[in-house]
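Trainee: Chains as they are written, first to last, in numbering that gives the first Met the number 0: chain A, 0 to 263; chain B, 0 to 264; chain C, 0 to 256. What follows is a single structure, and I will ask about it in a moment.
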Amino acid sequence: MKAILSIAKITLIEQIRNRLYLVILFFGATILVASLLVGALAPGYRVRVIFDLGLVAIEIFGLITAVFGAVNLVLQEVETKTIYLILTRPVNRMSYLFGRFVGLIVAVAATMVFMALIHILVIVFRPYQFQVFLERVDFWHIYPLIIAMSIGKMFMTTAIALFFSLFATSSVSALIFTVSFWVAGHFGTELAFLIDTSFKGVAAILVHFISWILPNFQYFNFRDIFSFPNFSGYQYVGKAWMYGVGYASFFLALSSFLFSKKEF
Amino acid sequence: MKKTTQVSFIWLVLSLGVIFFFRWQVEALFRWQYPRLTQLVPTPHFATDLALLSQGSHRLAADITYIQLLQYYGVPEQSHSHDDHEHHDHEHQNHKGRKETTSGFSNHLGDGIYSQLLTYGKRILRLDPFFNGAILEVAGALAFNIQRTEEARELLREAIERDPTFYRYRLYVAAILFRQEGQDRKLLSVLEEAIQYSDCPPLLENILANLYKKYGQFEDALKVYGHMIKTVQEKNPRQDAQRNLVALLHEHPKLVPLAERLLQD
Amino acid sequence: MSKSDVVLTLHHLTKTYKRSHLGFVKRFRGIADVNLEIEKGEIFGLLGLNGSGKTTTIKLLLGLLFPTEGHVEIYGHRVPHPFAQQRIGYLPEVPYFYRNLTPVEVLDLYGMLSKMHPKSLRPRIEEVLSLVKLDHAKKRPMREFSKGMLQRAGLAQAILHDPEILILDEPVTGLDPLGLHQVRKLIVELNEQGKTIFFSSHNMAEVEKLADRVGILVDGKLVRVFTKDNWIMKEGLLEEIFLQTLESSGVSLERPA
Numbered sequence: 000m001k002a003i004l005s006i007a008k009i010t011l012i013e014q015i016r017n018r019l020y021l022v023i024l025f026f027g028a029t030i031l032v033a034s035l036l037v038g039a040l041a042p043g044y045r046v047r048v049i050f051d052l053g054l055v056a057i058e059i060f061g062l063i064t065a066v067f068g069a070v071n072l073v074l075q076e077v078e079t080k081t082i083y084l085i086l087t088r089p090v091n092r093m094s095y096l097f098g099r100f101v102g103l104i105v106a107v108a109a110t111m112v113f114m115a116l117i118h119i120l121v122i123v124f125r126p127y128q129f130q131v132f133l134e135r136v137d138f139w140h141i142y143p144l145i146i147a148m149s150i151g152k153m154f155m156t157t158a159i160a161l162f163f164s165l166f167a168t169s170s171v172s173a174l175i176f177t178v179s180f181w182v183a184g185h186f187g188t189e190l191a192f193l194i195d196t197s198f199k200g201v202a203a204i205l206v207h208f209i210s211w212i213l214p215n216f217q218y219f220n221f222r223d224i225f226s227f228p229n230f231s232g233y234q235y236v237g238k239a240w241m242y243g244v245g246y247a248s249f250f251l252a253l254s255s256f257l258f259s260k261k262e263f
Numbered sequence: 000m001k002k003t004t005q006v007s008f009i010w011l012v013l014s015l016g017v018i019f020f021f022r023w024q025v026e027a028l029f030r031w032q033y034p035r036l037t038q039l040v041p042t043p044h045f046a047t048d049l050a051l052l053s054q055g056s057h058r059l060a061a062d063i064t065y066i067q068l069l070q071y072y073g074v075p076e077q078s079h080s081h082d083d084h085e086h087h088d089h090e091h092q093n094h095k096g097r098k099e100t101t102s103g104f105s106n107h108l109g110d111g112i113y114s115q116l117l118t119y120g121k122r123i124l125r126l127d128p129f130f131n132g133a134i135l136e137v138a139g140a141l142a143f144n145i146q147r148t149e150e151a152r153e154l155l156r157e158a159i160e161r162d163p164t165f166y167r168y169r170l171y172v173a174a175i176l177f178r179q180e181g182q183d184r185k186l187l188s189v190l191e192e193a194i195q196y197s198d199c200p201p202l203l204e205n206i207l208a209n210l211y212k213k214y215g216q217f218e219d220a221l222k223v224y225g226h227m228i229k230t231v232q233e234k235n236p237r238q239d240a241q242r243n244l245v246a247l248l249h250e251h252p253k254l255v256p257l258a259e260r261l262l263q264d
Numbered sequence: 000m001s002k003s004d005v006v007l008t009l010h011h012l013t014k015t016y017k018r019s020h021l022g023f024v025k026r027f028r029g030i031a032d033v034n035l036e037i038e039k040g041e042i043f044g045l046l047g048l049n050g051s052g053k054t055t056t057i058k059l060l061l062g063l064l065f066p067t068e069g070h071v072e073i074y075g076h077r078v079p080h081p082f083a084q085q086r087i088g089y090l091p092e093v094p095y096f097y098r099n100l101t102p103v104e105v106l107d108l109y110g111m112l113s114k115m116h117p118k119s120l121r122p123r124i125e126e127v128l129s130l131v132k133l134d135h136a137k138k139r140p141m142r143e144f145s146k147g148m149l150q151r152a153g154l155a156q157a158i159l160h161d162p163e164i165l166i167l168d169e170p171v172t173g174l175d176p177l178g179l180h181q182v183r184k185l186i187v188e189l190n191e192q193g194k195t196i197f198f199s200s201h202n203m204a205e206v207e208k209l210a211d212r213v214g215i216l217v218d219g220k221l222v223r224v225f226t227k228d229n230w231i232m233k234e235g236l237l238e239e240i241f242l243q244t245l246e247s248s249g250v251s252l253e254r255p256a
């Protein structure tokens, strides 16, 4: 446990001091403030546009931080050989991987929370429009939940990216695989519909079973589904998070297996 | 080494178990209510829509479509001599051959044919069926501004199908029907209900104000203009409301104290 | 050599690299059937040409590579084993560190990973940084370090947890004469404290001065192991022995034109 926490702490410090991380944070904050201009293009729905655009921006920048961080996490250590001085110590390879993962996730979550705080400031910048928006949206309850669920998505995506960084031959191919999973994860409901229309009976069950290997990020898309009438997301938040933890754990197990076989 | 492989294998199997169990649990509670991808409206902006949907941004895709709609609808398609300082009442014959007056709105929206307006409306509806306010605006523009009531009803019909809980769609259907039938009194009561909600489009408030004036309810018309001045964010309808209020006060000076009280609050 | 004196054993150690390209698999020998025992308190030097298998041997000792055949034992435990890893200090040929961290942060991490007690860790970090003359730079990020400073930081992390065995891969490569002297002095001091030193090198002069025993690797095979009695009588004799060994193993001493 101590080893995991030590490695996690160092990973977090490394991320925060990395210039790329700061650039991403800066651009994210800029986009959020610039969303005020975009909002001005939709009078009557200014706050809605700022709200939606901001949430998407927070997720995109969280994704960039997570994917670039995860893909380079181990690859860069191997290339720069900093990993030698870790693995020659009495540290379990699994603990090392887990520690790196935890550190990165904390860095990603910190990015998203920081951007969320800026986003809130931008949203409440125009008090009257915000009051009107509050009539339609239970903002103070739903917003933290949306951010928490977006972080859940990043949790899963980081684990996927880490696996592909160990599996693929280069960081570019790892990036491509991860983004493909990200996109596929948002079409989970479409896929389910296609399976139901194309297959029947046992075949449908089997194909559904296989399709469940792909993540379903729509469960975590509270920023899009909270406006459903009779929104029932609150009921399954805990279960969705457990699904996310199980999914991340699956890819961490695969990563751990691959990493245990890796030679340096 | 063997022990590590065993541990990884057990961990994998347990994780799979957790995935399948909790996914099954969540599936029982999760209900997807956005339209299928195959139902998206094919437009030159389809790639943008798909790109946004590929990372689960239905609401943002609808917002961007709404902005595009405003840019489309905000540009006059036909040259039109238009006096900005008063609203126009246009006389025409309705389908039953009766003469009726419709309001022309000097907010510069609707100066043209706008053949794609319904397409925009459907695009918003199929990206985000719960962007009710925007759909109402499009339906209202189609019905009351451009006089294409059939298209408005087509849009509202689909909107009701996709979001049957939003009963104001039915309110608008009623408003369109009453207007077509020339049943202004019934239309008035429907609009009185509609403007209670903050997402009611300004053009409907304008119609209501004109109806009040038609029936001599000048104080009520004044209240509507006062409400528009205080709440409408779009510049043109707000300026129109100011001009109409000034015009009304010129015609009925005894309403000035009421106007002062309304605007002070 | 009694069994209790032996700390490090290489037992029929073989490493074959496989490279596959378009379905064809090529095999390259790293090292083949290396047998060696290192005693406690010994300084053992591993000599060989470039590509002879020195780094492969060291990586196999550390568990960074897995043997194709045979195994390595440290204090009776097969590598990799936490018991063994805790007693090893490793200095790579070119030490790489986290660029954005300071030496204190890096050593703190390595100390925690080596299971040092937090209370004793901080004073030990100060002590070690002072020993390698890096106390003036302890708060600077490692990306600002010169090559010599990085080498000294490498030494610092190798001795931080007071290991019993030090494995040094080309410890004097790239050092200036002063640095060379300091490293040599440190190695001798550590050996006097009872530490076992296993190092690889090209630098014949340093091996002559430091090693108690020398092994020569030729083409992945440990062809000769001998003690310092063989060269102690005459300076430069080690180089002669090395070249003779190469020749008798079939290596041409003439460089291609």
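Just so you know, even glycine gets a beta-carbon here, dropped at the ideal spot from N, CA and C.
Could you tell me which uninterrupted alpha helix (DSSP H) segments, each at least 4 residues in length, are contained entirely in the stretch 92-139 of chain A, listed from first to last along the chain?
Mentor: You should have 92-122 and 126-135.
Trainee: What did DSSP end up calling VAL213/C once you bin it into helix, strand or coil?
Mentor: As a first step, residue 213/C is located in the third sequence; it is residue number 214 there, counting from the start. VAL213/C falls in the strand class under three-state DSSP.
Trainee: Residues of the stretch 51-83 of chain C in Cβ contact with chain A at a cutoff of 9 Å, in chain order, please.
Mentor: Under the 9 Å Cβ criterion, the stretch 51-83 of chain C contributes LYS58, LEU61, GLY62, LEU63, LEU64, PHE65, PRO79, HIS80, PRO81, PHE82 and ALA83.
Trainee: Name the DSSP beta bridge partners of THR195/C, please?
Mentor: Taking the third sequence and counting its residues from 1, the one referred to as residue 195/C is at position 196. According to DSSP, THR195/C bridges with ILE164/C.
Trainee: Looking at the structure shown, is VAL17/B part of a helix, part of a strand, or coil, going by DSSP?
Mentor: Here residue 17/B refers to the residue found at position 18 when the second sequence is read from its first residue. DSSP places VAL17/B in helix when its eight states are reduced to three.
Trainee: Ordered along the chain, which non-local residues of its own chain (more than five positions away) have a Cβ less than 6 Å from that of SER34/A?
Mentor: One-based indexing of the first sequence puts residue 34/A at position 35. If we look at SER34/A and ignore the five residues flanking it on each side, its Cβ neighbours are ILE49, LEU52 and GLY53.
Trainee: Does the beta carbon of HIS57/B come closer than 9 Å to any beta carbon on chain A?
Mentor: As a first step, residue 57/B must be located in the second sequence, where it is residue number 58. HIS57/B counts as touching chain A.
Trainee: Closer than 9 Å, CB to CB, is PRO89/A near chain C or not?
Mentor: The sequence position of residue 89/A within the first sequence is 90, counting from 1. For PRO89/A, the answer is yes, since a Cβ of chain C falls inside 9 Å of its Cβ.
Trainee: How many Å lie between ILE3/A and TRP23/B at the Cα?
Mentor: In the first sequence, residue 3/A corresponds to position 4, counting from 1. In the second sequence, residue 23/B corresponds to position 24, counting from 1. Computed Cα separation, rounded: 32 Å.
Trainee: Could you tell me whether the stretch 133-148 of chain A touches the stretch 92-105 of chain A, where touching means 3 or more Cβ pairs closer than 8 Å?
Mentor: Output reads no: the stretch 92-105 of chain A does not touch the stretch 133-148 of chain A.
Trainee: At 8 Å on the CB atoms, spell out the chain A contacts of LEU45/C, in chain order.
Mentor: In the third sequence, the residue the question calls residue 45/C occupies position 46. The premise fails here: LEU45/C is roughly 17 Å from chain A at the closest Cβ pair, so nothing lies under 8 Å.
Trainee: Return yes when the Cβ of PRO128/B is within less than 9 Å of the Cβ of GLN32/B, no when it is not.
Mentor: What you label residue 32/B is simply residue 33 of the second sequence in a count that begins at 1. What you label residue 128/B is simply residue 129 of the second sequence in a count that begins at 1. Yes, these two residues count as a Cβ contact at 9 Å.
Trainee: Starting from the beta carbon of SER113/C, find every residue of chain A whose beta carbon is closer than 8 Å, and list them in chain order.
Mentor: On the third sequence, residue 113/C is found 114 positions in, with the first residue counted as 1. ARG88 and PRO89, listed in chain order.
Trainee: Near PRO79/C, which residues of its chain fall below 6 Å by C-beta distance, leaving aside the five closest residues on each side in sequence?
Mentor: In the third sequence, residue 79/C corresponds to position 80, counting from 1. Hits under 6 Å: GLY62.
Trainee: Any residues in the stretch 215-237 of chain A with a beta carbon nearer than 8 Å to a beta carbon of chain B? Which ones, in chain order?
Mentor: So the list reads ASN215, PHE216, GLN217, TYR218, ASN220, ARG222, ASP223, ILE224, SER226, PHE227, PRO228, ASN229, SER231, GLN234 and TYR235, given in the order they occur along the chain.
Trainee: State the DSSP-derived secondary structure class of HIS76/C, mapped to helix, strand or coil.
Mentor: As a position in the third sequence, residue 76/C is number 77, starting the count at 1. It is a strand residue.
Trainee: Please report how far the alpha carbon of PHE225/C lies from the alpha carbon of HIS160/C, in whole angstroms.
Mentor: Position 226 of the third sequence holds residue 225/C. Position 161 of the third sequence holds residue 160/C. Taking the straight line joining both Cα atoms gives about 31 Å.
Trainee: Less than 9 Å between the beta carbons of ARG142/C and ARG98/C, yes or no?
Mentor: To locate residue 142/C, count along the third sequence from 1; it is residue 143. To locate residue 98/C, count along the third sequence from 1; it is residue 99. Yes. Within cutoff.
Trainee: Taking the Cβ atom as the reference point for each residue, do VAL105/A and ALA7/A lie within a distance shorter than 9 Å?
Mentor: On the first sequence, residue 105/A is found 106 positions in, with the first residue counted as 1. On the first sequence, residue 7/A is found 8 positions in, with the first residue counted as 1. Contact flag set, yes.
Trainee: Measure the alpha-carbon distance for PHE180/A versus LEU213/A and round it to whole angstroms.
Mentor: What you label residue 180/A is simply residue 181 of the first sequence in a count that begins at 1. What you label residue 213/A is simply residue 214 of the first sequence in a count that begins at 1. Rounded to whole angstroms, PHE180/A to LEU213/A spans 7 Å at the Cα level.
Trainee: Which of the three DSSP states is assigned to LEU100/C in this structure?
Mentor: Stepping through the third sequence from its first residue, residue 100/C is reached at position 101. If DSSP states are grouped into helix, strand and coil, LEU100/C belongs with coil.
Trainee: To the nearest angstrom, how far is the alpha carbon of PHE8/B from that of ALA252/A?
Mentor: Counting from 1 along the second sequence, the entry for residue 8/B is found at position 9. Counting from 1 along the first sequence, the entry for residue 252/A is found at position 253. The straight-line gap from Cα to Cα measures roughly 8 Å.
Trainee: Beta-carbon within less than 8 Å of LEU154/B's beta-carbon, same chain only, minus the 5 sequence neighbours each way: which residues are those?
Mentor: Within the second sequence, residue 154/B is the residue found at index 155, counting from 1. Same-chain partners within the cutoff: LEU117, GLY120, LYS121, LEU124, ILE134, VAL137, ALA138 and LEU141.
Trainee: State the DSSP-derived secondary structure class of TYR233/A, mapped to helix, strand or coil.
Mentor: Residue numbering aside, residue 233/A sits at position 234 when the first sequence is read from its first letter. Helix.
Trainee: Just to make sure I have the definition right: I need the residues of chain A whose C-beta is within less than 8 Å of the C-beta of GLU104/C. Which are they?
Mentor: Translated into the one-based positions of the third sequence, residue 104/C becomes position 105. Those within 8 Å of GLU104/C in chain A are ILE9 and ILE12.
Trainee: Would you say PHE225/C faces chain A, with C-beta separation under 9 Å as the test?
Mentor: Here residue 225/C is taken as the residue at index 226 of the third sequence, counted from 1. Taking Cβ atoms only, chain A never reaches closer than 9 Å to PHE225/C, which makes this a no.
Trainee: Can you confirm whether PHE96/C, when its beta carbon is compared against all beta carbons of chain A, has any partner nearer than 9 Å?
Mentor: Taking the first residue of the third sequence as 1, we reach residue 96/C at position 97. True, the Cβ-Cβ gap to chain A drops below 9 Å.
Trainee: Look up PHE225/C in the DSSP assignment and say whether it is helix, strand or coil.
Mentor: One-based indexing of the third sequence puts residue 225/C at position 226. PHE225/C: strand per DSSP, three-state reduction.
Trainee: Just how far apart, CA to CA, sit ALA208/B and PRO42/A?
Mentor: One-based indexing of the second sequence puts residue 208/B at position 209. One-based indexing of the first sequence puts residue 42/A at position 43. Spanning the two alpha carbons is a distance of roughly 22 Å.
Trainee: Opposite ILE87/C in the DSSP bridges: which residues?
Mentor: In the third sequence, the residue the question calls residue 87/C occupies position 88. ILE87/C pairs with ILE164/C.
Trainee: Suppose you measure from the CA of GLY55/B to the CA of PHE219/A; what does that come to, to the nearest Å?
Mentor: Here the question's residue 55/B lines up with position 56 in the second sequence. Here the question's residue 219/A lines up with position 220 in the first sequence. Going by the C-alpha atoms only, they are around 10 Å apart.
Trainee: Taking the beta carbon of HIS185/A as the centre, do at least 16 other beta carbons fall within 10 Å, making it buried, or is it exposed?
Mentor: For the purposes of this step, residue 185/A is taken as the residue at position 186 of the first sequence. So HIS185/A ends up on the buried side.
Trainee: With a 10 Å radius around its C-beta and 16 neighbouring C-beta atoms as the bar for buried, classify SER188/B as buried or exposed.
Mentor: In the second sequence, counting from the first residue as 1, residue 188/B sits at position 189. It is exposed - the Cβ of SER188/B has fewer than 16 other Cβ atoms within 10 Å.
Trainee: Does any CB atom of chain A fall closer than 9 Å to the CB of LEU15/B?
Mentor: Here the question's residue 15/B lines up with position 16 in the second sequence. True, the Cβ-Cβ gap to chain A drops below 9 Å.
Trainee: DSSP state of PRO63/C, grouped into three classes?
Mentor: Numbered from 1 along the third sequence, position 64 holds the residue referred to as residue 63/C. Here residue 63/C turns out to be Leu, not Pro, going by the sequence shown. LEU63/C falls in the coil class under three-state DSSP.
Trainee: Run the CB neighbour count on TYR171/B, radius 10 Å, all protein chains shown included, and call it buried at 16 or more, exposed below.
Mentor: Within the second sequence, the letter at position 172 stands for residue 171/B. Buried is the call here.
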